Each structure stands twice: as structure tokens, then as C-alpha cells.
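Participant: Numbered by the working numbering, the letters in the sequence shown go through residues 759 to 817 in order.
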Amino acid sequence: NPLWFCGFDPGEIHEYLSKYSLSLIEDVGHEEFLERYIKPKGRDLTLMEIERIVLAEVK
759 NPLWFCGFDP
769 GEIHEYLSKY
779 SLSLIEDVGH
789 EEFLERYIKP
799 KGRDLTLMEI
809 ERIVLAEVK
């Protein structure tokens, strides 16, 4: 499976998603993602401080 790596300025993600008829639902940084989704599952996973997780839906 190919991986897709890219980078965005967090302030520009909404505009980028809009070009593809996507609406931003959630945009969280690495700490919040780890606390909300990874640690409660007991997984040992690390993220770099620059990583953000974005959830979007089709408009």
C-alpha cells in the first residue's frame, strides 16, 4: 500500500479541503490525538510534534 506524505500550514487546511468539496470536522495536534485516541487503547505509539490529524467529510 502506498503512503501519502504531505505538509500543510494548519491555517490553510480549510481552504485546501474546500477545493475538493470537503468540510473540516476536526483538526487536532499530536498531544490531543495521543490523549484522546491512542493512550485510552493502551497502544505505544509516538507522533512528532509537527504532526496533526485532520478529519473531513464530503460536502
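Where is the CB? At the ideal position from N, CA and C, for every residue including glycine. Model, not experiment: these values are computed from the prediction.
Considering only residues of the stretch 772 to 814, which uninterrupted beta strand (DSSP E) runs meet the minimum length of 3 residues and lie entirely inside it, listed in chain order?
Facilitator: Listed in chain order, they are 780 to 787.
Participant: Just how far apart, CA to CA, sit Gly765 and Arg810?
Facilitator: Cα-Cα distance, rounded: 10 angstroms.
Participant: Once you ignore the five residues that flank Tyr795 on each side, which residues in its own chain have a CB closer than 6 angstroms to its CB?
Facilitator: So no residue of the chain qualifies.
Participant: Starting from the C-beta of Gly787, find all residues in its chain whose C-beta is less than 7 angstroms away, skip the five residues before and the five after it, and write them out in chain order.
Facilitator: Once the five neighbours on either side are set aside, the close Cβ partners of Gly787 are Arg810.
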